[in-house]
Amino acid sequence: MNTFWVTLSASVIVVLLSIASLPLLNNNANYLKFADLRRSSSEVADLVVTNGTIYTSDDSLPFADSMAISNSRILRVGNYSSIKKLARTLTKELNLHGKIVVPGFIDSHVHFIPGGLQMARVELRGVNTKDLFVEKIRKAVASGGWNNDIWGGDLPMASWIDSVTPHNPVWLARMDGHMGLANTLALTLAGISRNNENPNGGAIIRNNDGEPTGLLIDSAMKLVLPHIPEASVDERREALLRASSHALKRGVTTVVDFGRYFPGSSPEYPWDDFSDVYRWADLSGNMMTRICLFFPMETWSRLVDLMSKSGRVLSQWIYLGGVKAFADGSLGSNSAFFHEPYADDLNNYGLQVVDLDSLYNMTFSSDKSGLQVSIHAIGDRANDLILDMYASVASDKQIRDRRFRIEHAQHLAPGTVARFGEQSVVASVQPDHLLDDADSASKKLGCERAERGSYLFKSLLTKNAQLAFGSDWPVADINPLKSIRTSMKRVPPGWEKAWIPSECLCLKDALNAYTISAAHACFLDKYVGSLSPGKYADFVVLSTNSWEDFATEVFADVEATYVGGFKAYSIRPEDKSE
Numbered sequence: 003m004n005t006f007w008v009t010l011s012a013s014v015i016v017v018l019l020s021i022a023s024l025p026l027l028n029n030n031a032n033y034l035k036f037a038d039l040r041r042s043s044s045e046v047a048d049l050v051v052t053n054g055t056i057y058t059s060d061d062s063l064p065f066a067d068s069m070a071i072s073n074s075r076i077l078r079v080g081n082y083s084s085i086k087k088l089a090r091t092l093t094k095e096l097n098l099h100g101k102i103v104v105p106g107f108i109d110s111h112v113h114f115i116p117g118g119l120q121m122a123r124v125e126l127r128g129v130n131t132k133d134l135f136v137e138k139i140r141k142a143v144a145s146g147g148w149n150n151d152i153w154g155g156d157l158p159m160a161s162w163i164d165s166v167t168p169h170n171p172v173w174l175a176r177m178d179g180h181m182g183l184a185n186t187l188a189l190t191l192a193g194i195s196r197n198n199e200n201p202n203g204g205a206i207i208r209n210n211d212g213e214p215t216g217l218l219i220d221s222a223m224k225l226v227l228p229h230i231p232e233a234s235v236d237e238r239r240e241a242l243l244r245a246s247s248h249a250l251k252r253g254v255t256t257v258v259d260f261g262r263y264f265p266g267s268s269p270e271y272p273w274d275d276f277s278d279v280y281r282w283a284d285l286s287g288n289m290m291t292r293i294c295l296f297f298p299m300e301t302w303s304r305l306v307d308l309m310s311k312s313g314r315v316l317s318q319w320i321y322l323g324g325v326k327a328f329a330d331g332s333l334g335s336n337s338a339f340f341h342e343p344y345a346d347d348l349n350n351y352g353l354q355v356v357d358l359d360s361l362y363n364m365t366f367s368s369d370k371s372g373l374q375v376s377i378h379a380i381g382d383r384a385n386d387l388i389l390d391m392y393a394s395v396a397s398d399k400q401i402r403d404r405r406f407r408i409e410h411a412q413h414l415a416p417g418t419v420a421r422f423g424e425q426s427v428v429a430s431v432q433p434d435h436l437l438d439d440a441d442s443a444s445k446k447l448g449c450e451r452a453e454r455g456s457y458l459f460k461s462l463l464t465k466n467a468q469l470a471f472g473s474d475w476p477v478a479d480i481n482p483l484k485s486i487r488t489s490m491k492r493v494p495p496g497w498e499k500a501w502i503p504s505e506c507l508c509l510k511d512a513l514n515a516y517t518i519s520a521a522h523a524c525f526l527d528k529y530v531g532s533l534s535p536g537k538y539a540d541f542v543v544l545s546t547n548s549w550e551d552f553a554t555e556v557f558a559d560v561e562a563t564y565v566g567g568f569k570a571y572s573i574r575p576e577d578k579s580e
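Using the working numbering, the letters of the sequence shown map in sequence onto residues 3 to 580.
Now the structure itself:
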């Protein structure tokens, strides 16, 4: 018995001494191998994606054939032999069968809920005659998106629609959101008559007798919009779900949302949507795409307060972006602000929508508070004014990564292009707008002037500017593959050759403008934008097997969209295997 206890005590002492000596063995090669093995065993993939051409938008490894995903994030990207080591019994495999994968597209400029609302309304975008316009309105007065250029350029008037809208105030926004048509009842409720003066930054269009025609431009829209019934909370929630499904179908996994905010609209609308729609969707599990929200600049202090309480990242779905304002209107509404007059309206240089002193003060305060600032500018003079203002705001010598943005940067004067790169200002542009503008720009600006300064994508990149691509949906459809093709080909409908072919991009530059560059433009490059380890596993499976054909013609469809490694859309809805 005594021998047993002596032996046991000795054994315990040996074990304790062995444990105590472990730190001294850390430099032992065998111990290190064991530690590495233990560490690697924790890297287990939920999903491995194999046998494809994976474009990562990451210059450190542009292409791979496989990647591993764990807990909604990318674990590793590389060749199959390195990825298969991370697979276990419960790991699922997505065999691409040679298909191309790209990062989830980031649309850098949308009005998400208006887009979803528009999907449920009568579409006026393709209407090409007055009679069809009136007939569409007769069927449903909640509509918009008309484009007078399609039917020859004549602007509509209230008298066109009064007979089919006798009992309700009606507002029909033009496709660009910078002009709209009110019926006579809406004008009456708003108190708009021949005696009204044009508000600052806007215009009431009148006939030869001085009577309002029903058309209002930019800030003049604020006179009538309070009298137009607003969409209900339920309608806006349904619009978000509708918009999200549409975006996923097009391979868009993240959007930068500028909300229900246009010249003349209430700055409260984006805040209402934030609390009533986005918060609801996040808390109820109804978010399907990641959203980066921008708010009206006049509410900058409110956003500062919100960020101080909640931070910038509210969840994996909702990010607080910054603030937005308007410098001018649009080309289609003849309200974009230019150095020279419109060729078809020699007394018109466009509109400066917001007083420059007020805009500077808001920009200075927003920037000083650490907010990202984004300003809409389409005409060449508007772009120069904003670049001047950004330079002045940044002259305080405070070294900070501001990432100032100009939304649209559509028409630029000689010498302006270089300033984007020199000042590190993001050019947030929409390629598909050029399809609508090629004919009208030549008419409104003159061919030489239009071709000298319109949609200068290649020139901006050559001068080290950062491009971020978007759609401006619902002004144009949300469709990155189409936009990428547009930026590479630049052939408008009915044309046989490119408009300003020297500005065509290559596929890599176009893809990056919809992925990593777009993520960087809104401070989300830590989370999305490339298929890099640690980032969310947002990716798109395309229908093509040939990178060469894709790079040449960009003919491909979205076969599936994955968000956080989970299939959010498939062209074959019955396929639920991943």
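Here a beta-carbon is modelled for each residue, glycine too, at the ideal position from N, C-alpha and C.
- A straight-line Cα-Cα distance of about 24 Å links Ala520 and Ala415.
- Sequence-distant partners of Gly117 (beyond 5 residues in either direction) whose C-beta falls short of 8 Å from its own C-beta, in its chain, are Ala241, Ala245, His248, Trp475, Pro476, Ile480.
- Contact annotation: Ala222 and Gly266 have beta-carbon atoms nearer than 8 Å.
- Between Ala188 and Pro171 a beta carbon distance of about 4 Å is seen, short of the 8 Å cut, so the two are scored as contacting.
- Burial state of Cys508 is exposed, judged by a 10 Å Cβ sphere holding fewer than 16 other Cβ atoms.
- The Cβ atoms of Val129 and Trp162 do not sit closer than 8 Å to each other.
- Between Met490 and Asp48, the alpha-carbon positions lie close to 37 Å from each other.
- In this model, Gln354 and Leu63 are separated by some 45 Å (Cα to Cα).
- Relative to the Cα of Ser430, the nearest Cα in the group Ala467, Asp398, Tyr564 belongs to Ala467.
- DSSP, read as helix, strand or coil, puts Phe65 in strand.
- Between the C-alpha atoms of Asp527 and Glu213 there is a straight-line separation of about 52 Å.
- For Ile206, the beta-bridge partners assigned by DSSP are Leu218.
- Residues Pro171, Ala188, Leu191, Ala192 of the same chain have their beta carbon placed closer than 7 Å to that of His229, with the five preceding and five following residues left out of the count.
- Setting aside the 5 residues that flank it on each side, Ser84 is surrounded in the same chain by Ser68, Arg78, each with a C-beta closer than 8 Å to its C-beta; the list follows chain order.
- Cα atoms of Phe557 and Val104: separation of roughly 14 Å, rounded to the nearest angstrom.
- Considering only Thr91, Gln318, Glu237, the residue with the shortest C-alpha distance to Tyr538 is Gln318.
- Excluding sequence positions up to five before and after Arg487, its CB lies within less than 7 Å of the CB of Val556, all in the same chain and listed in chain order.
- A buried status is given to Asn336, since no fewer than 16 other beta-carbon atoms sit within 10 Å of its beta-carbon.
- Note on Cys524: 16 or more other CB atoms within 10 angstroms of its CB, so buried under the neighbour-count rule.
- An exposed status is given to Asp211, since fewer than 16 other beta-carbon atoms sit within 10 Å of its beta-carbon.
- Leu458 is the residue among Gly324, Glu424, Asn363, Leu458 whose C-alpha sits nearest the C-alpha of Gly381.
- The Cβ atoms of Leu333 and Ser442 lie closer than 8 Å to each other.
- Taken in chain order, the unbroken stretches of alpha helix (DSSP H) that lie wholly in the stretch 404-433 and span 4 residues or more are 419-424.
- For a cut-off of 8 Å, the C-beta gap from Met299 to Val279 is around 21 Å, too long to register as a contact.
- Exclusion of the five residues before and after Ile152 leaves Asn130 as the residues of its chain whose Cβ lies within less than 6 Å of its Cβ.
- Check the Cα spacing between Ile388 and each of Ser371, Arg402, Lys370, His410: the tightest is with His410.
- Annotated as distal: Ala329 and Leu447, with beta-carbon spacing of 8 Å or more.
- Residue pairing by DSSP places Met181 opposite Ile219 in a beta bridge.
- Separation of the CB atoms of Asp220 and Val112 is rounded to 20 Å, and the pair is thereby denied contact status at 8 Å.
- By the criterion of a C-beta distance shorter than 6 Å, Phe297 is surrounded in its chain by Pro272, Leu305, Val325, once the five residues flanking it on both sides are discounted.
- In the structure shown, Gln400 falls within a coil segment according to DSSP collapsed to helix, strand and coil.
- DSSP places Gly313 in the coil class of the three-state scheme, outside both helix and strand.
- Under the DSSP definition of a beta bridge, Asp284 lacks any partner.
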